[in-house]
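Counting in my numbering, the sequence shown runs from 3 upward without gaps. Report on the following structure.
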Amino acid sequence: LQRPYYPSALFSSVYHNQLQQRYLKRLIPVSLDVPDDKERSDNLGRLLEDSRGKIWITSLVNGVYEFNPDSRKVVHYGHESGNNNSIGSDVIRTVAEDANGKIWFGGNRGCLSIFDTNSRSFENLFPDYSRPHLLASNRVWSLKADKRGNMWVATDVGLYQFDCRNKKPSIVKLYTAADGLQADLAT
Numbered sequence: 003l004q005r006p007y008y009p010s011a012l013f014s015s016v017y018h019n020q021l022q023q024r025y026l027k028r029l030i031p032v033s034l035d036v037p038d039d040k041e042r043s044d045n046l047g048r049l050l051e052d053s054r055g056k057i058w059i060t061s062l063v064n065g066v067y068e069f070n071p072d073s074r075k076v077v078h079y080g081h082e083s084g085n086n087n088s089i090g091s092d093v094i095r096t097v098a099e100d101a102n103g104k105i106w107f108g109g110n111r112g113c114l115s116i117f118d119t120n121s122r123s124f125e126n127l128f129p130d131y132s133r134p135h136l137l138a139s140n141r142v143w144s145l146k147a148d149k150r151g152n153m154w155v156a157t158d159v160g161l162y163q164f165d166c167r168n169k170k171p172s173i174v175k176l177y178t179a180a181d182g183l184q185a186d187l188a189t
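Structure below.
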């Protein structure tokens, strides 16, 4: 889902089921407000429509927005210093949904955050450079879920394969140039 955006509003396509099971595409203006203490920016990243019909909008400055097309309400999620249940950074590049309906966000400044749609809180996987079996990158460039329950996380040190079938995701393997990638930087 990639749609044009304008400085004061984002227009996203929302599909409404018609009586004859046909879909009508409509543009709906959406105001993306940020708290007063945050810098306002129209530098948006990716859009994702999740399995519940919510639209997630990433920002390269202001964190993440969750848009509910039915109620037309927008919820902003920004990094809150000292709050471990907030998103790990306000610089978010990519978004994907795993097989359990959790929403993953990746960005700069050590951000790999997983949003639990039931508890409405984030789990942050911050880099730990001293333990190679944990995340060892502070930049996530892209995310991709597969049908086998894995989340693939492209970073500047390689491509991580996470197993998302259990309650807590775990790293299966870090693929690098030694495993056949063109370079350790995976995008």
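Beta carbons: idealized from backbone N, C-alpha and C, even for Gly.
Per DSSP, which one or two residues make a beta bridge with L46?
Locating residue 46 in the sequence shown gives position 44, counting from the first residue. Paired residues: S61.
Thinking C-alpha only, which one of K169, R141 and N168 is nearest L161?
Here residue 161 corresponds to residue number 159 of the sequence shown, with the count starting at 1. Closest by alpha carbon: R141.
For I59, tell me which candidate among D148, H78 and S172 has the shortest Cα-Cα distance.
The residue you call residue 59 lines up with position 57 of the sequence shown. Ranking D148, H78 and S172 by Cα distance to I59 puts H78 first.
Can you give the Cα-Cα distance for N70 and D165, rounded to whole angstroms?
Translated into the one-based positions of the sequence shown, residue 70 becomes position 68. Translated into the one-based positions of the sequence shown, residue 165 becomes position 163. Roughly 29 Å separates the two Cα atoms.
What is the rounded straight-line gap between the Cα of D186 and the Cα of L176?
The residue you call residue 186 lines up with position 184 of the sequence shown. The residue you call residue 176 lines up with position 174 of the sequence shown. Taking the straight line joining both Cα atoms gives about 10 Å.
For D72, count neighbouring Cβ atoms within 10 angstroms of its own Cβ and tell me buried if that reaches 16, exposed if not.
By one-based count along the sequence shown, residue 72 stands at place 70. Under this definition D72 is an exposed residue.
Going by beta-carbon coordinates alone, are N85 and S61 separated by less than 8 Å?
Start at 1 with the first residue of the sequence shown, and residue 85 comes out as number 83. Start at 1 with the first residue of the sequence shown, and residue 61 comes out as number 59. Their beta carbons are not under 8 Å apart, which means N85 does not touch S61 by this criterion.
Classify E82 as buried or exposed, calling it buried when 16 or more other Cβ atoms lie within 10 Å of its own Cβ.
Within the sequence shown, the letter at position 80 stands for residue 82. Exposed, since its Cβ has fewer than 16 Cβ neighbours within 10 Å.
Quick one: is K104 buried, meaning 16 or more other Cβ sit within 10 Å of its Cβ, or exposed?
For the purposes of this step, residue 104 is identified with residue 102 of the sequence shown, where counting begins at 1. Under this definition K104 is a buried residue.
CB-CB under 6 Å to V159, same chain, minus the five flanking residues each way: which ones, in chain order?
The residue labelled residue 159 in the question sits at position 157 within the sequence shown. Taken in chain order, the residues that qualify are A138, S139 and D186.
If you draw a straight line from the C-alpha of R48 to the C-alpha of G55, how long is it?
The count along the sequence shown starts at 1 and reaches residue 48 at position 46. The count along the sequence shown starts at 1 and reaches residue 55 at position 53. Their Cα atoms are separated by approximately 16 Å.
Do G108 and L145 have their C-beta atoms within less than 8 Å of each other?
Along the sequence shown, read from residue 1 onward, the residue named residue 108 stands at position 106. Along the sequence shown, read from residue 1 onward, the residue named residue 145 stands at position 143. Yes; because the gap between Cβ atoms is below 8 Å, this pair is in contact.
Near G90, what residues of its chain come up, given a Cβ to Cβ distance below 6 Å and the 5 sequence neighbours on each side ignored?
Residue mapping note: residue 90 aligns to position 88 of the sequence shown, counting from 1. Taken in chain order, the residues that qualify are C113, S115 and N126.
Among all the DSSP beta bridges, which residues are the ones paired with S144?
As a position in the sequence shown, residue 144 is number 142, starting the count at 1. In the DSSP output, where bridge partners are listed per residue, S144 has A156.
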